[in-house]
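Undergrad: In my numbering, the protein residues as written are 349 to 604. Quick one: structure below, then a few questions.
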Ligand SMILES: [Zn+2]
């Protein structure tokens, strides 16, 4: 049925020179859906242009990456949420959003509180416009999950979710979905996730240009094929069956 990349960043400068070729390679390999995730105001506008240029394959998510959001004033932050709301009919999700304690600068003492506040506003917007959330939670896995729970978020994808398996189980019980990045080829955590989480709750993703299955290389959507191969091997299933399940999951969750 085809391949799926539910989280990537084609707007990043790493793709400026050869985006046409990257998309062409994805099409030729049978990629059906690529969800382009915006991370800040500039990135969101560039993401819209990319999604309009390749409407057959690129689907749009607009968001505010938690670290980038810290660079905005409250007014700029609220304006961007308004911008996202105004574009609700062209998006399949709000992403990339969440909480980050890994990249957020040490000196920003208040960042934790501010990030939680920002994330709550984003969750409220997602519920208002009835769109799923694609959530980043690096070094803040439990906190992000608990905030989603207490804010009543229902449609959630935990992207590259590095939580302990108790929290993963709780998130699965709450109806959340998870992504499996291409680094599953060498990551014991994601290999275990593929084994323990029901296959109908998983999506393949690249986070391209980052997290390549081939160390030191730029990642791109076509590489989700490496993830399919690995999941099939772990579950002792046919690659085609894993692919079909991912596309089914996409259609059920994002609705077409
Ligand atoms: Zn990302």
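Backbone N, C-alpha and C fix where the C-beta goes; we use that ideal spot for every residue, glycine too.
Decide if residue 562 is buried, meaning its Cβ has at least 16 other Cβ atoms within 10 Å, or exposed.
TA: The residue in question, residue 562, is exposed, as its Cβ has fewer than 16 Cβ neighbours within 10 Å.
Undergrad: Are the beta-carbon atoms of residue 442 and residue 474 separated by less than 8 Å?
TA: yes
Undergrad: Please report the straight-line C-alpha distance between residue 393 and residue 353, rounded to a whole angstrom.
TA: 20 Å
Undergrad: Any contact of the stretch 353-366 with the stretch 551-567, i.e. 3+ C-beta pairs under 8 Å?
TA: yes
Undergrad: Compare the Cα-Cα distances from residue 398 to each of 513, 364, 477 and 564 and report the closest residue.
TA: 364
Undergrad: Return the Cβ separation of residue 357 and residue 414 in integer angstroms, given the expectation that the two are a contact with Cβ distance under 8 Å.
TA: About 15 Å; that fails the 8 Å criterion.
Undergrad: Measuring CB to CB, does residue 370 end up less than 8 Å from residue 384?
TA: If you check the CB distance, residue 370 and residue 384 do not come in under 8 Å.
Undergrad: Between which two residues does the alpha helix (DSSP H) carrying residue 598 extend?
TA: The continuous alpha helix (DSSP H) containing residue 598 extends over residues 587-602.
Undergrad: Between the alpha carbons of residue 470 and residue 445, how many angstroms are there, rounded?
TA: Going by the C-alpha atoms only, they are around 8 Å apart.
Undergrad: In the DSSP assignment, find the unbroken alpha helix (DSSP H) run with residue 468 in it and report its ends.
TA: 459-477
Undergrad: Got a list of residues with beta-carbon closer than 5 Å to any non-hydrogen atom of ligand 1, in chain order?
TA: Spelled out in chain order, the answer is 444 and 555.
Undergrad: Whose CA, out of 586, 579 and 571, lies closest to the CA of residue 382?
TA: 571
Undergrad: So, are the CB atoms of residue 435 and residue 410 less than 8 Å apart?
TA: yes
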